[in-house]
Amino acid sequence: MCGIVGYIGKQQAAPILLEGLKKLEYRGYDSAGVAVRDGAKSIQVVKAKGKLSVLAQKTEDGKALYGTCGIGHTRWATHGEPDERNAHPHRSTDGSVAVVHNGILENYRELREELKDCGYTFASQTDTEVIANLIDFYLKRDRKGAAEAISRFMERARGSYAIAVMFEEFAGELYLARKDSPMIVGEGEGEMFVASDAAAILRHTRKVYFVDDFTLACVRADGVRFFDISGNPIPKEYQLLDIDAEAAGKGGYEHFMRKEIYEQPRAVSDTLSHYIKEGDIDLGISLHGVKQITVVACGSAYHVGVTLQYAIEKLARIPVRVELASEFRYRDPILGEGTLVVAVSQSGETADTLAAVREAKKRGARTLGIVNVLGSSVAREADDVLYTYAGPEIAVATTKAYSAQLALGYLVALVLGKNNKTLSEEQFARYVSALQELPSKIEETLRSESEIKAFAARHADVHDVFMIGRGIDYAVCMEGALKLKEVSYVHTEAYAAGELKHGTISLVEEGTLVLGVLTQSGVFEKTASNLEETSSRGAIVATVGTKKLCEGQFFPIPETEEPFAASLAVLPLQLLAYHISVCRGLDVDKPRNLAKSVTVE
Ligand code: F6R
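Numbering of the sequence shown is given in this note's numbering, commencing with residue 542 and proceeding in unit increments.
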């Protein structure tokens, strides 16, 4: 949520900041701003409401701002409306401290009152302006330097933050601090980069330092030094990031979402081939002794968990519970012996998922992260991590990361089934080869895009959609409904097909669209009857599945082993959401009110 970029070196900072922010715009896009300084001259701040293009226009793509040191921010509003006043960077009352901030300072109200009593004034409604003033307060009161003032702020702050700070007094230096919000420093030749996400600086360097929690850093053009909150230096090694910078471009597609939908065969195949070796699965970690599993995740990653609940219970006969991470962390969970807590997260930075991992660890459970972003917080804090190899995902609505998470989850299910001997060698081999066929079957399914596009055009003005299915098909509906809601703004509900007539069917009327997902042969007829119950009440019915069992539009998908069918059934629903959004003229990649990673509660 929100993006931070910083630069200090010999080049002009503003164009580099804007280019970096462009890569982070998917994290928040309601306003943006930069602070730049030229040597010892004063810090200049320019901000703009709206997308980054407005700031780019205002600064002539950064050329209007002169200086080789700066910080920038793209915002997703938490405190205060998304307007220019609340955009970052924020300055202290006398303008001598400029701050960009990701996260939420929970005790900002009480700190603001204290600062007001000391004569500080506030131009915005943000918690970030409180940070700028608080740091300024300690700097002036103690006269012990910038790092010391930031340490005092860190002692007082409750909540989460990644901050980059510039001081009028300390030209040639940028200061950083973090708690529960990611931040990295990239090293170049005589220049240094700062970012909340590697995507922003990959074009310039792959040599990066991860800033740890409760750590602060002083960045100069010739290097970076890290300190703990008491001012003790922390030695740190850089890491070389192995991420394909080009993969972050649109590659000829009109939208990232469509590009990423079409990258799914590769995302799934890269993830599988990383762990499948000569017909066997090598996860590189042991799963012996796992007696039960709790999956914690949010949004689509939670839907992956719901699908895996069915797959793991079927293949390995291990009880699985799936919990929304935001609920898990506050509900005093019971984690018996042998419980493995699996945190599923594309970004690895989702605040609730990270908090759930910490909670599980505190309670003595073993934790495993299924994560896409290398070196992210969940990846570093979970006891073990298994990476998905989806590559950078830019569209706010996840597609390829969801598919890669499913693929990796199936591997976990098969390993557990093998360990528990609930799968014979033959069955294991059959399931592994079914997984290896998934990428080509995904490709085959995507070939029906033109029919889905035509269907989307006919129904682009639909008001209410229900997606119904049973078992894994219900889990697919949950994901399909979220996709349609978030990118097309169409009210959609996923329903377990058998549950519809316990109340909700009263909402079905002439013109309601009801989409059935039918991939689980044991319940084909049941779901088909539930669909008919809606069509006899005026609903327009369509189905996604392996067999046409109902009247209405049918989107066929290839057969696969039934525990893996979600990987194919979700594809027509992703494409439907995409095309309805395009037909409605919406911003597919950056739907309103959303951000790619939700790093606040
Ligand atoms: C929906 C979507 C979100 C994320 C959720 C968790 O398309 O992308 O629901 O799945 O915010 O994000 P991660 O996986 O980064 O923890």
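All C-beta atoms, glycine included, are put in the ideal place defined by N, C-alpha and C.
Going by DSSP, T1084 is part of the beta strand (DSSP E) stretching over 1081 to 1086. Between A954 and I853, the C-beta spacing is below 9 Å. Counting only runs of 4+ residues, the alpha helix (DSSP H) found wholly inside the stretch 834 to 911 occupies 840 to 857, 866 to 869, 892 to 903, in chain order. G840 is the residue among G840, F1096, V914 whose C-alpha sits nearest the C-alpha of K1026. Taking a C-beta distance under 9 Å as the contact criterion, A705 and V847 do not qualify as a contact pair. One residue list follows from the rule of a beta carbon closer than 6 Å to any heavy atom of the ligand F6R, given in chain order as C839, G840, S841, A842, S886, Q887, S888, T891, T894, A938, T939, L1023, E1027, S1138, V1139.
The DSSP assignment places 715 to 720, 725 to 728, 733 to 736, 748 to 751, 756 to 761 as complete runs of the beta strand (DSSP E) inside the stretch 713 to 765, in order along the chain (cut-off: 3 residues).
When secondary structure is reduced to three states using DSSP, K590 falls in the strand class.
The stretch 1110 to 1122 makes no contact with the stretch 867 to 884; the number of CB pairs closer than 8 Å stays below 3. When DSSP states are grouped into helix, strand and coil, E1020 belongs to the helix group. R921 and V861 have their C-alpha atoms roughly 24 Å apart. Taking 3 residues as the shortest admissible run, the stretch 1023 to 1058 contains the following complete beta strand (DSSP E) segments, listed from N- to C-terminal end: 1032 to 1037.
Annotation for V914: S888, G889 place their beta carbon closer than 6 Å to its own, counting only its chain and skipping 5 residues before and after. By the C-beta density criterion, N1134 is exposed, having fewer than 16 other C-beta atoms within 10 angstroms.
Boundaries of the beta strand (DSSP E) harbouring S572: 572 to 578, taken from the DSSP string. Excluding sequence positions up to five before and after L1109, its CB lies within less than 7 Å of the CB of K982, I983, T986, I1098, P1099, T1101, all in the same chain and listed in chain order. Residue pairing from DSSP leaves P1113 without any beta-bridge partner. The residues L1090, C1091, in chain order, have a CB closer than 6 Å to that of A1069 in the same chain once the five nearest residues on each side in sequence are set aside. Between the C-alpha atoms of G1079 and G1012 there is a straight-line separation of about 26 Å. Sequence-distant partners of K599 (beyond 5 residues in either direction) whose C-beta falls short of 7 Å from its own C-beta, in its chain, are V587, A589. Between A673 and N1071, the alpha-carbon positions lie close to 58 Å from each other.
Residue environment: S1047 is assigned as exposed (fewer than 16 neighbouring CB atoms within 10 Å of its CB, all protein chains considered). If you ignore the 5 residues before and after G830, its C-beta comes within less than 8 Å of the C-beta of G879, all in its own chain and listed in chain order.
In the structure shown, the three-state DSSP call for Q1061 is coil. Bounds of any alpha helix (DSSP H) do not take in Y661, whose DSSP letter is neither H nor E. Contact between the stretch 927 to 935 and the stretch 898 to 913 is established, with three or more Cβ pairs separated by less than 8 Å.
For F711, the three-state secondary structure derived from DSSP is coil.
V1003 is not a Cβ neighbour of L1041, given a cutoff of 9 Å. Within 10 angstroms of the beta-carbon of N773 lie fewer than 16 other beta-carbons, which makes it exposed.
When only Cα atoms are considered, A687 and V919 end up about 30 Å apart.
Between the C-alpha atoms of A945 and T929 there is a straight-line separation of about 6 Å. Collapsing the DSSP output to three states places Q598 in a helix. Here Q585 carries a strand assignment [DSSP, helix/strand/coil]. Here the alpha carbon of H1000 sits roughly 21 Å from the alpha carbon of G1010.
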